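According to our numbering, the stretch in the sequence shown is residues 683 to 743, in order. Every residue gets a Cβ at the ideal spot worked out from N, C-alpha and C, and that includes glycine. Remember, it's a predicted structure, so these values are computed and weren't measured experimentally. What follows is a short report on a single structure.
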Amino acid sequence: MHIWVALRSPFGYAETNARRIKERILQINEITAFLIRINRETRKRGAEKDWALDASCQIEG
683 MHIWVALRSP FGYAETNARR IKERILQINE ITAFLIRINR ETRKRGAEKD WALDASCQIE
743 G
């Protein structure tokens, strides 16, 4: 049996860090089941049900 291993994946690697997945979702404002909100004081994006978004990102990672 021969196993060939490429130096890099031909299509790139999927992100596995839940925090980075969440940041990407909030930055590009993907169409998701989560309502995206912006904190008026800090101007940071977030989700109405932040715990659910965190859980979804952990599952995806």
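Fill in: Exposure label - ALA729; buried when at least 16 CB within 10 Å
Stepping through the sequence shown from its first residue, residue 729 is reached at position 47. Burial call: buried.
Worksheet item: Under the rule that 16 or more other beta-carbon atoms within 10 Å means buried, what is ILE707, buried or exposed?
Response: Mapped onto the sequence shown, residue 707 falls at position 25. ILE707 comes out buried.
Worksheet item: Who does ALA729 pair with in a DSSP beta bridge?
Response: In the sequence shown, counting from the first residue as 1, residue 729 sits at position 47. Paired residues: ILE718.
Worksheet item: From what residue to what residue does the alpha helix (DSSP H) around ARG690 run?
Response: One-based indexing of the sequence shown puts residue 690 at position 8. Counting along the chain, ARG690 falls outside any alpha helix (DSSP H), and DSSP gives it neither H nor E.
Item to complete: Could you check which residue in GLU723, ILE718, MET683, ILE710 has the C-alpha nearest to that of ALA734?
Response: For the purposes of this step, residue 734 is taken as residue 52 along the sequence shown, with counting starting at 1. Measuring from the Cα of ALA734, the nearest candidate turns out to be ILE718.
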